[in-house]
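> Attaching a single structure in C-alpha cells format; questions to follow.
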Amino acid sequence: MSKAPHAAAHAAILSNAMQQHAAGRLDQARAQYLRLLNAAPRHADALHMMGVLEAQIGQHDRAVELIGRAIAVHPGEAMFHNNLGNVLTRAGRFDEAQVQYRRALELDPARADALNNLGVLLSRLGQPQEAETLLLRARELAPDFTDAHHNLAHHYLRWGHLREALQVCVSALIVKPRDPTLRRVLGTVYTSQGMNDEATALYRAWLEEEPDNAEARFRLVACTGQGVPERAPDGYVAEIFDRFAASFDAQLATLSYRAPELVVQAVAATLPPPAAQFDVVDAGCGTGLCGPLLKPWARRLSGVDLSPGMLGKAQARAVYDDLQADELVAFLAARPACCDLLVSADTLCYFGALDGFAAAAIASLRPAGLLVFTVEAHADEPAAPDFRLQGHGRYSHRHGYVEAVLRGAGLVAVELQAVVLRMEASQPVQGWLVSARAGQAA
C-alpha cells in the first residue's frame with residue numbers, strides 16, 4: 188500500500204497542530220502533536236514542535252528529550268539544533284546550549300537567529316568580543332531581523348559601551364521609529380549618561396503616539412521627577428514581567444543575581460533547621476526562584492505575583508502549594524496571621540513608600556514571625572530622600588527610612604545588611620538585605 192495517503196494525513200494533522208499552537212491553544216495543539224506521534228513516533232517535525240510547546244510551559248527536560256529525538260531522526264536540520272539551544276539556555280544549561288548553537292551554524296553559517304542566540308548567550312557569559320562579532324554578523328545578514336538590533340544594543344549596554352549602544356538604537360529607530368525595545372534601550376542609555384533632556388523628549392514623543400502606554404508614562408516620571416508615585420503602577424509591573432517571563436531565569440543567571448540566595452541565607456541564619464514546620468509566603472514570587480530554597484521550611488508554601496506569565500513558570504517548579512495572581516499588599520492584608528515566614532526577594536524595588544507593605548506584613552505574620560526582603564539602596568546622607576525613583580524605573584531606599592518604617596509598624600529585631608544584589612551594565616547594584624520579626628503574643 189502506498190505511503191502517500193499516510194503522508195498526506197500526517198501533514199494535515201501537523202498543519203492543524205501548528206495552527207492551534209500559533210493561536211496559543213496549547214492543549215489542543217498538544218493533543219494533535221500526540222495524535223501524530225502515536226501514528227508516526229519518528230515524525231521529526233512533530234517531535235520538534237512538541238518540544239517547543241513543552242519549553243513554552245516550562246517543561247524543559249521534556250522539551251530537551253523531544254527535540255533531541257527529532258535531531259536523532261534528522262541530525263542535519265539546523266533549526267532543530269538552534270531551538271534545542273534555546274531550551275537549554277532557558278534551563279540554565281549554558282555549555283550544552285553553546286554546543287547546539289555552534290552545530291546549527293556549522294550546518295547553516297548564514298542562519299541569523301542562531302548567530303543572534305549564540306551572541307546573546309556569550310555576551311551574558313562574559314565573552315563580549317565573540318558576542319559582538321556574532322551579533323554584528325546577524326544584523327548584517329538580516330537587516331530586518333529586529334532581535335539582532337535589540338540584542339546588539341543590549342550587549343553594548345551590558346558591557347558599558349554606551350556610545351555604541353546609542354548608535355545602534357538611533358540607526359535602527361530610523362527604520363523602525365516605533366520599536367518599543369529600541370526606545371527602552373535608548374532611554375536607558377540617555378538616563379545612564381545624565382542626558383535627561385533627551386530621555387524626556389524620547390518618552391514624550393512615545394506618549395504622543397501612544398497616550399495610554401503605562402511604561403512610557405512611568406519612565407517619563409522617572410526622568411523628570413515630577414509626580415513620582417509611591418510605587419510603580421500594577422499594570423506597568425505586570426506587563427514588564429509578562430514580557431520577560433520566558434527568558435527571565437536565564438537572564439538573571441548571567442547577572443550574578445543573588446537576591447533569592449541572600450534571602451534564604453538570612454532565613455537559615457535566623458530560623459531553626461528546616462523540618463517543614465512553617466507556613467511560608469513568597470511575596471512577589473516571580474518565576475519561583477525562591478520556592479525550592481524555601482520549601483524545606485514550608486508546611487505550606489504560598490506565592491503571589493502580579494504577572495500571570497511569571498506565575499506560570501513558578502507553577503512548573505511544582506513546589507508551591509498555592510499561587511495567586513494579586514498585588515502583594517492586598518494579598519497580605521486580606522490574610523491576617525496567615526504565615527510564620529514572609530519573604531520578598533527583589534520585588535519591593537517597585538515600591539517607593541514602604542509603610543503600606545510594612546503594615547500588611549505585620550498583620551499577616553503570626554507572633555514572632557519572620558520577615559525577610561531585599562530593596563535597592565542609596566546613600567543615607569542628610570539630604571537623601573527616603574526613596575528615589577531611578578531612571579531605569581526601580582526605586583532605591585535609604586537605610587534610615589527602611590528601619591524607621593518597619594519599627595513604626597511594630598516590627599522588632601530590625602536588621603539591615605549592605606549587599607550586592609546583581610550586576611547590571613558591568614556595575615554592582617547595591618541593596619539592603621532586611622530582616623525583622625513580629626512581636627511575641629501578649
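In my numbering, the protein residues as written are 188 to 629. Where a beta carbon is used, it is the ideal one built from N, C-alpha and C, also for glycine. All of these numbers come straight from a predicted model, not from anything done at the bench.
1. Would the beta-carbon of A555 fall within 9 Å of that of Q614?
2. Do D492 and C472 have their beta-carbon atoms positioned less than 9 Å apart in this structure?
3. Which one or two residues does DSSP pair with F405 in a beta bridge?
4. Could you tell me the distance, in whole angstroms, from the CA atom of A198 to the CA atom of A204?
5. Is it right to say G306 is buried, meaning 16 or more other beta carbons lie within 10 angstroms of its own, or is it exposed?
6. Taking buried to mean at least 16 other C-beta atoms within 10 Å of its own C-beta, is N225 buried or exposed?
7. For L255 and P416, what's the separation of their Cα atoms in angstroms?
8. Is the separation between the beta-carbon of T378 and that of C410 shorter than 9 Å?
9. Counting Cβ pairs closer than 8 Å, one from the region 553–571 and one from the region 498–516, do we hit at least three?
10. Have a look at Q464, L498, T474, S494 and flag the residue whose alpha-carbon is nearest the alpha-carbon of K482.
11. Under the three-state reduction of DSSP, which class applies to D248: helix, strand or coil?
12. Quick one: using the 10 Å Cβ neighbour count with 16 as the cut-off for buried, is I258 buried or exposed?
13. Hey, would you say A520 sits closer than 9 Å to A596, going by beta carbons?
14. Excluding the 5 residues flanking F538 on each side, which residues of the same chain have their C-beta closer than 7 Å to its C-beta?
15. Per DSSP, what kind of secondary structure is A196 in: helix, strand or coil?
16. By Cβ distance below 6 Å, which residues in the same chain neighbour V376 in space, the five residues on each side in sequence not counted?
17. Considering only their Cβ atoms, is the gap separating A401 from G422 smaller than 9 Å?
18. Could you check which residue in A210, K363, H208 has the C-alpha nearest to that of F332?
19. For H193, does the count of other Cβ atoms within 10 angstroms reach 16, so buried, or fall short, so exposed?
20. In terms of residues, what are the limits of the beta strand (DSSP E) holding D492?
On the basis of the coordinates in this document:
1. no
2. yes
3. Answer is none; F405 lacks a bridge partner.
4. 10 Å
5. buried
6. exposed
7. The sequence given here has Gly at residue 255, not Leu. In a straight line, the C-alpha of G255 is about 49 Å away from that of P416.
8. yes
9. no
10. Q464
11. helix
12. buried
13. no
14. R418, F544, Y582
15. helix
16. L349, A352, L353
17. yes
18. K363
19. exposed
20. 485–492
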